[in-house]
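Quick notes on the structure that follows.
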């Protein structure tokens, strides 16, 4: 009952307006693929990169997005996003451990931490696939499940969905590193515990003492009654047979990693796709101009749950009677670093941190809470109807909460508040002479509403435009010296720009005509 209610609560959280600036160009690309019956390999959408090679791994996600739109309109995108998020947290629930209410608390904290990055674009599928990868790895270490061999298949799909396809390779590599350390340096476990001895190896919160034979026996006994999280990646041998078994699993995992890396090549661009992540990360303007690629601003309340989650993980592992495993330390350390480096990685940190937090909070609380007894539970004849009523009430609340995001009128109104809908309406009706120069954040919307009559000058496809075009764009938007030369070189005759952009003042001073203006956007046409 608790898992169902918790996932339903996450679904209700995620069922909201999820349309971002990049959603529109993904929709346009998906529509182009379906209309033309072929994949996009060169750019047909922008003035500045028209006809250039465009290597992008998101065509399957773009088809999914446009299919949701064609089926239900913008509400369909909100629904798809909520379903993907709920599925991701379903996998995460199965990766965690502890009492149901504890797991629910941790999962909802992870959801709150990652919520700011739930939007209708291919990135949301990387969120789901990362959760599925973590689940597969946990299940493999728990019982040697063959489900691990689905990871190469998942990676092949991933390489056609989003540029995050390197994440399973990274996670498997971290698992192998931690596993090798556990096999070759078992004494590291004592150093990690920080006590000079193992913590809670006998399960009651007290260190084990005694002879070497007693300690070995206790370790063997511990493995036999471990909860699943203790078995995961804690590879220091506790019996003579374990090194062989752990080494065998590491060999299996290495094979899965190699197969997953090879699976990346199954995409329309073949080996060229391997360079995509590096090309994207090498674009300097990403860190300088695009908020989600910058370090998080903790003055924004929506980012602060990331700090709460991190601090709680650190505190829980510090006082837990259980040792933090090598992979837990690597996961938390690396993904916290990535989260501080670029805010978009906070969502991935939430996924890797939740199982760590639940394991150690469960260990802490188990020392203080009595074990659950069947005598304390209500009989099934009472719990079933009560659970049914509670589930119905929560489902009804989720339906009421989701009524607005599933309303076409609400979505159109919200889009008009965030995008230059009225200014674009003016351009569609009056057809001022092109080419068009547009603000970066509105490029996708321009493609969605005005293509093919107008191309974008720039849009959210930073991997396509790279630093050269994006720096030119910034010079124009800021009205810096040389902005006129850029517009002249591209023969720009119409400008769509924010009402308060520095460029507005420069355009007016040079005789450009403001043919439309509202509180959000201005449209200028070139001087005669």
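Residue numbers (the working numbering): 1 to 528.
The C-beta atom is built at its ideal place from N, Cα and C for all residues, glycine as well.
Any non-hydrogen atom of the ligand SAH closer than 7 Å to residue i Cβ
i	result
residue 94	Questions concerning the ligand SAH fall outside what the structure shown contains, since it holds no ligand whatsoever.
Rounded C-alpha distance that separates residue i from residue j
i	j	result
residue 541	residue 16	No statement about residue 541 is possible, as the shown extent of the chain runs from 1 to 528 and does not include it.
residue 45	residue 64	20 Å
residue 59	residue 161	6 Å
residue 529	residue 398	The structure shown does not extend to residue 529, since the chain is modelled only from 1 through 528, so no value can be given for it.
residue 506	residue 442	20 Å
residue 141	residue 147	11 Å
residue 435	residue 145	57 Å
residue 410	residue 110	28 Å
residue 50	residue 43	5 Å
residue 214	residue 274	The predicted model places residue 214 with a pLDDT of 40, which falls under 50 and marks its position as unreliable; any figure quoted below should be read in that light. Roughly 51 Å separates the two Cα atoms.
residue 454	residue 492	11 Å
residue 509	residue 432	20 Å
residue 314	residue 394	33 Å
residue 172	residue 327	11 Å
residue 488	residue 516	22 Å
residue 54	residue 276	10 Å
residue 466	residue 249	42 Å
residue 329	residue 519	50 Å
residue 358	residue 481	55 Å
residue 300	residue 251	45 Å
residue 378	residue 103	Reliability of the predicted coordinates at residue 378 is poor, the pLDDT of 49 falling under 50, and no value is obtained from them.
residue 258	residue 271	15 Å
residue 343	residue 438	26 Å
residue 182	residue 4	36 Å
residue 232	residue 312	The pLDDT assigned to residue 232 is 43, lower than 50, so where the model puts this residue is not dependable; a value taken from the coordinates is nonetheless given after this. Near 21 Å, if we compare the C-alpha coordinates of residue 312 and residue 232.
residue 512	residue 306	46 Å
residue 37	residue 174	40 Å
residue 413	residue 497	20 Å
residue 495	residue 293	27 Å
residue 122	residue 369	43 Å
Identity of the residue in the options nearest residue i by Cα
i	options	result
residue 32	66, 267 and 122	66
residue 322	299, 279 and 367	367
residue 470	481, 480 and 458	458
residue 281	463, 519, 53 and 504	463
residue 247	288, 292, 184 and 74	184
residue 256	330, 176, 311 and 62	176
residue 180	163, 151, 254 and 121	254
residue 74	52, 34 and 23	23
residue 430	445, 485 and 525	525
residue 426	521, 415 and 365	521
residue 309	107, 174 and 456	107
residue 163	112, 69, 56 and 86	56
residue 346	396, 304 and 362	304
residue 2	98, 61 and 72	98
CB of residue i within 8 Å of CB of residue j, strictly
i	j	result
residue 29	residue 40	yes
residue 325	residue 360	no
residue 574	residue 478	The structure shown does not extend to residue 574, since the chain is modelled only from 1 to 528, so the question has no answer here.
residue 95	residue 355	yes
residue 159	residue 297	no
residue 25	residue 447	yes
residue 153	residue 124	no
residue 21	residue 333	no
residue 157	residue 89	no
residue 341	residue 295	yes
residue 523	residue 392	no
residue 320	residue 364	yes
residue 82	residue 14	yes
residue 388	residue 12	no
residue 406	residue 428	no
residue 69	residue 27	yes
Delimiting residues of the alpha helix (DSSP H) encompassing residue i
i	result
residue 78	74-95
residue 133	123-143
residue 2	2-14
residue 408	408-418
residue 346	346-366
residue 182	167-184
residue 112	100-114
residue 305	304-319
residue 442	That residue, residue 442, is in no alpha helix (DSSP H); it is neither H nor E in DSSP.
residue 287	284-289
residue 430	421-430
Unbroken beta strand (DSSP E) run spanning residue i, endpoints
i	result
residue 513	513-517
residue 437	436-438
residue 524	521-525
residue 498	494-498
(request) Evaluate the contact criterion for the region 473-481 versus the region 406-426: three or more CB pairs, one atom per stretch, below 8 Å. (result) no
(request) Decide if the region 114-121 is in contact with the region 133-147; the criterion is three or more beta carbon pairs, one per stretch, under 8 Å apart. (result) no
(request) Evaluate contact between the region 159-175 and the region 120-134, counting only Cβ atoms and requiring at least three cross-stretch pairs below 8 Å. (result) yes
(message) Below 8 Å, how does it come out for the region 326-339 and the region 75-85: are there three or more Cβ pairs, yes or no?
(response) They do not touch, by the three-pair rule.
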